[in-house]
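Visitor:
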Amino acid sequence: DMLNLNIVYQNILQNKINRMEGIEFLLSIIEKSEKTSSRLESLTILYKLKTRDHFVFKTLENCIISDEYEEIRIISAKIVLEYYLNMGIKCLEWAILNDTSSKLLKVLGYMVNSKNSQPHQALSKIFHQRLEKIAKKFDVVFEEVPFLLDLEFNLDNYNSFNWNPNSKLIYNDNIMFKVQDRHVLELSISLRDQIPSSINLLKKLKNLNLSCNNLSQLPNTLSELSNLESLDLSWNDFEIVPEILNKLNLNEDINFQNNKIQN
C-alpha cells in the first residue's frame, strides 16, 4: 500500500536499501500489481528519484503504449520526456500522434514546448501535426484546438450532428459546442470548478453558457472575447459579481440567477 511505498522511497533516499533493488521493487509493482493507485504511486516515486537507469525504460515504454489508464500513461510519458528523451523519442512521437487522451496531449504539449533542445523541437513539430489532425476532425481552425485539450474534451467518445455543410454540433456529457465556418461560435460547459484561461482562443465565440457549474471566479482572459453576445452564469457559486464582467459589453445579456450573492 501507499504507506509501504513511501517507506521504500524514504529508505532509498537514506541509503537504507540499495537504490537498484528499490527501483526493481517499484518496477515489479508497476508491471504486476492490480491496484492502479499503487502502480501510479510507484511511477510517481520513480519520477521523484529522477531515475535514468536504462533497465527502467522498457517498463515505461510499455505503460505509454499499452496501459489502459490515462494517469499511468501520463506520468510514464513525463518520466521519459524528462529523463529518457533520446532513448524514448520514438515512443513519445507515437503517443503524441496516437493517444486519445486530451489530458495526456495537453501535458505533453506543454512540456515539449517549454524547452528548446533539438529533440523538444522535433516533438513540438509532431505535436503541431497532431493538433492539425484534431482540427480537421472537429472542423475547427488549428488555433482553437488547445482550448479543447485544456477542457480535456474526449477525442474519441463524443456525438456530432451536422446542421449543414458549414456548421455542426459536437457534444458529450457536459460539453457542447457549435462550430460554424471552422470557428466555435457557441459553447456550453457544465459540472466544472473552473474554466481554462485559454478560452480567449475562441475569437469568434458569441454565446457562452456556463450555467450549472461550481464556479466562483472567471479567467481574466474572458474579457478578450470581443464577439461575445450572451453569457449564462446561473446556478453557480459566485459570492460576488466578477469584475471581469465590467469589461464585457453585455449588460443586458448576462444571466446571473441562483448564485450565492447576498443582496
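The sequence shown begins at 168 in our numbering and counts up by one. For every residue, glycine included, the Cβ atom is placed at its ideal position computed from N, Cα and C.
1. Determine the contact status of F305 and G255, defining contact as a CB-CB distance below 8 Å.
2. Which of helix, strand or coil does DSSP assign to Y338?
3. Count Cβ pairs between the segment 357 to 368 and the segment 299 to 314 that sit closer than 8 Å; are there 3 or more?
4. Just the Cα atoms here: how many angstroms apart are E406 and V351?
5. Do T203 and Y236 count as a contact pair if the criterion is CB distance below 8 Å?
6. Can you give the beta carbon distance from R297 to I263, rounded, assuming they're within the 8 Å contact cut?
7. For R359, which residues from the same chain have a beta carbon less than 6 Å from its beta carbon, with the 5 sequence-adjacent residues on both sides left out?
8. Could you check if T267 is buried or exposed, using at least 16 other CB atoms within 10 Å of its CB as the buried criterion?
9. What's the gap between the Cα of S383 and the Cα of N341?
10. Measuring only the C-alpha atoms, how far is K199 from S243?
11. Using alpha carbons as the reference points, say which of S390, Y214 and N376 lies closest to F112.
12. Below 8 Å on the Cβ atoms is my contact criterion, and I expect V274 with F294 to pass it. Report the Cβ-Cβ distance as a whole number of Å.
Guide: According to the structure data:
1. Position 138 of the sequence shown, counted from the first residue, corresponds to residue 305. Position 88 of the sequence shown, counted from the first residue, corresponds to residue 255. No, the Cβ-Cβ distance between F305 and G255 is not below 8 Å.
2. Counting from 1 along the sequence shown, the entry for residue 338 is found at position 171. The answer is strand: DSSP assigns Y338 an E or B state.
3. yes
4. One-based indexing of the sequence shown puts residue 406 at position 239. One-based indexing of the sequence shown puts residue 351 at position 184. If you take the alpha carbons of E406 and V351, they lie about 29 Å apart.
5. Translated into the one-based positions of the sequence shown, residue 236 becomes position 69. Translated into the one-based positions of the sequence shown, residue 203 becomes position 36. Cβ atoms of Y236 and T203: closer than 8 Å.
6. For the purposes of this step, residue 297 is taken as residue 130 along the sequence shown, with counting starting at 1. For the purposes of this step, residue 263 is taken as residue 96 along the sequence shown, with counting starting at 1. Contact flag correct, Cβ pair sits at about 5 Å.
7. Within the sequence shown, numbered from 1, the residue matching residue 359 stands at position 192. Excluding sequence neighbours, R359 sits near N380.
8. For the purposes of this step, residue 267 is taken as the residue at position 100 of the sequence shown. Within 10 angstroms of the beta-carbon of T267 lie fewer than 16 other beta-carbons, which makes it exposed.
9. For the purposes of this step, residue 383 is identified with residue 216 of the sequence shown, where counting begins at 1. For the purposes of this step, residue 341 is identified with residue 174 of the sequence shown, where counting begins at 1. Answer to the nearest angstrom: the Cα atoms are 18 Å apart.
10. Position 32 of the sequence shown holds residue 199. Position 76 of the sequence shown holds residue 243. So the alpha carbons of these two residues sit roughly 16 Å apart.
11. The shown model of the chain, from 168 to 430, leaves out residue 112, and the question about it has no answer.
12. Within the sequence shown, residue 274 is the residue found at index 107, counting from 1. Within the sequence shown, residue 294 is the residue found at index 127, counting from 1. Contact between V274 and F294 is ruled out by a C-beta separation of about 11 Å, above the 8 Å threshold.
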